[in-house]
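Just so it is clear: in the sequence shown, position 234 is 237 by this note's numbering, and no numbers are missing. In this text, a Cβ means the ideal position worked out from N, Cα and C, and glycines have one as well. Because the structure is a prediction, the values reported are computed rather than measured. Shown next, in C-alpha cells, is the structure this report addresses.
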Amino acid sequence: MNDTIAAISTALGVGAISIIRLSGPEAISIANSCFKGKDLSKVESHTINYGHIIDQGEVIDEVLVSIMKAPKTYTTEDVVEINCHGGIISTKRILETVLMHGARLAEPGEFTKRAFLNGRIDLVKSEAVMDIIDSKSEEANKLAVSQLSGSTSNMIKKFRDSLKQLLASIEVNIDYPEYHDIEVVTKEKIQTELISMKKELEDIIKSSKNSTLIKEGIKTVIIGRPNVGKSSILNKLIEQDKAIVTDIAGTTRDIVEGQVYLEGILLNIIDTAGIRKTEDIVEKIGVEKSLSMIDEADLVIVVLNNNEELTSEDKEILEKTKNKERIIVINKNDLEKKINISKSSLDSVVETNTNTVEGIKELKNKIIDLFQLESIKSKDYTYLTNARQISLAKKAYQSLKEAEEGLHNSLPIDMIEIDLKDTFDYLGEIIGETYSEEILDHLFANFCVGK
Ligand SMILES: Nc1nc2c(ncn2[C@@H]2O[C@H](COP(=O)(O)OP(=O)(O)O)[C@@H](O)[C@H]2O)c(=O)[nH]1
Ligand SMILES: [Mg+2]
C-alpha cells in the first residue's frame, strides 16, 4: 500500500467538471510535477489551488487542485483531487499525465479499500459507501447513509461487547474457581443470558429482510389469462401508458416492466403475456416466460375477470401461485358479475375496474399492508444489508444456539466457551475485525473505479 494510486472519480462523459483523484505518499509531489501555479508541496492542507495541468510544456486544462494531507482524508493518506473541465478528452489526458509521473491506476474500490485497511472505516461502512452510490430509491439511500454513520456497526459492536463480558466472566470462573470473592457465574445465569442474546440475534436476522426490500424493491409479477386487464392494471399502477392495451387476446407477448414507489419503496412490476394454450410460437414462449416469472417474484398479482366464469387456466394459475405472497385482483367489476368464486375462500382479494381509481388505490394499500411498508419506514435502519452480513449473522446464531444447547445438555463449560468464541468471531467478520484477502478483493471488486 506504499504506492500512489490515481483514477477518474466522476462518471466519464460530458459534464461541467470531472475529478481525478490521487492517494498515497507521492500524491502531492506527483500532482506538483505536472502543475503550473503555486508550489503544491508548500501549500497548507485542505486548500484549493488554482493553476494549470501541463504535459511536456503543453497546457492540458485549467484546474482547481484540492490538497488534503494525511491523516484527515478519505483514505487517511495524502489525497489530491484535480477538478478539471468535464469531457472525456481532457479528463483522460490528465489521468494519463499523473500516471506518467509515477501514479498507478487504481483498482475498483481501491480508495475505499485503503480507508478500510488504514482503519478509518469498517467493512459495513465500506459497503455502505457503495450502497449510497447504488441506491435506487430515497429509502435505500437513507438506509445506506445510516449504515455509513455507524448504526449497524454499533449494534454489532454492542452485541460483541456483551458476549465478551460473558466470556470473560466464564473464563475467570474456569481459571480461578478457588477465588471466592469472584462472582460465580452459575449455569442458570449463563443460560438466561444466552437465551436473551439468541432472541436478539434472531430478531436482527429476521428484520434484515427489510433491508432487501428497501434496497432491491419488491419484484412484482402480474399474471392471468389474456384480456382480463393485466396491462391496464400495470398502466394504472405506474400512471403511464406503458403496456399496449387492446381487446385482442394475446396483445402482450413479451415482458413489459414498470416502476412505482410505495412509501418510498420501489415496486418493480412486470406485466406478462396472458396464460393460455396457444399454437403461436412467439406467444407460446411468452406464456412460458410468464410462468417462470412466478418463481422469482416477491409478489404475484393474479388477475381474474369478474365478467367471466373461472376457466381451467384460472384455476391452474391460482394453484401455481398458492404458496407465493399474492394478491388476487378481480377486475372488470363494472361489468356484470359472472365469476363463480367466493371471496372468503381466497387470501387477499381486491375488486377493481381500470376505469376508476378506487380499486387500484385499494390494491396499492394491500401491498403496503402485506409487506408492512409503513413500519419498515419508521424503523431506525439498523439492519444487516447484504448477503455477506446476513450469512455471517446466521453462522453466529448457529454457534450461539450450539452454546445454549451444550449448556442445556451439561457439556463442560470450556466446550461452550468455544461456541461463544465462534459467535464472537463471526460477528467480528461482519464489521471486518477479521477478514481474508480473498473476501476483501471480492467485495471491493464490485465498486466503481475512483471510489
Ligand atoms: N369494462 C372493463 N374493461 C376493461 C377493464 N380493464 C381492462 N379492460 C379492457 O379489457 C381489454 C383487455 O385489457 P388488457 O389490459 O390489454 O388485458 P391483458 O390482456 O390482461 O393485458 C381492453 O379492451 C381493456 O380496455 C375494466 O376494468 N373494465
Ligand atoms: Mg396485456
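- In its chain, beyond the 5 residues on either side, Ile221 and Lys222 have a beta carbon closer than 6 Å to the beta carbon of Asp301.
- Here DSSP, grouped into helix, strand and coil, assigns Ser69 to strand.
- If only complete runs of 3 or more residues are kept, the stretch 42-108 shows the beta strand (DSSP E) at 50-58, 61-71 and 82-88, in order along the chain.
- Going by C-alpha positions, Asn238 is about 13 Å away from Thr249.
- As computed with DSSP, Gly261 is found in a beta bridge with Ile272.
- Ligand 1 has a heavy atom closer than 7 Å to the beta-carbon of Ser235.
- Within the chosen limit of 7 Å, ligand 2 reaches the beta carbon of Asp274 through at least one heavy atom.
- Cβ contact annotation for Leu376 (same chain, cutoff 7 Å, sequence separation greater than five): Leu265, Glu266 and Ile268, in chain order.
- For Arg24, DSSP records a beta bridge to Ala10 and Glu84.
- DSSP places Glu286 within a helical segment (H, G or I) once states are collapsed to three.
- In the structure shown, the three-state DSSP call for Asn157 is helix.
- Relative to ligand 1, the beta carbon of Leu338 is positioned inside 7 Å of a heavy atom.
- Distances taken from the Cβ of Asp250 to the heavy atoms of ligand 1 include one shorter than 7 Å.
- With contacts defined as CB atoms closer than 8 Å, Val62 and Gly54 fail to qualify as a contacting pair.
- Val132 places its beta carbon 8 Å or farther from that of Thr155.
- Between ligand 1 and Gly431, a heavy atom-to-CB distance of less than 7 Å is absent.
- DSSP places Lys398 outside any beta strand (DSSP E); the residue lies instead in the alpha helix (DSSP H), whose first and last residues are Ala390 to His411.
- For Phe450, there is no enclosing beta strand (DSSP E), as DSSP gives it neither H nor E.
- With a cut-off of 7 Å, the C-beta of Thr223 is classified as distant from ligand 2, since no heavy atom of the ligand falls inside that distance.
- Burial is judged here by how many other beta carbons sit within 10 angstroms of a residue's own beta carbon; Ile421 has fewer than 16 and is exposed.
- Per DSSP, reduced to three states, the secondary structure at Gly431 is helical.
- Secondary-structure assignment with DSSP links Leu302 through a beta bridge to Thr223.
- For Glu141, the enclosing alpha helix (DSSP H) covers residues Glu141 to Leu151.
- Short of 8 Å from the beta carbon of Met296, and not among the five residues preceding or following it, lie these beta carbons of its own chain, in chain order: Val224, Ile226, Ile258, Ile273 and Thr275.
- Residue burial is scored here from C-beta neighbours: Val305 has at least 16 other C-beta atoms within 10 angstroms and is therefore classed as buried.
- Between Pro28 and Glu80 the beta-carbon gap is near 7 Å, inside 8 Å, which marks them as a contact.
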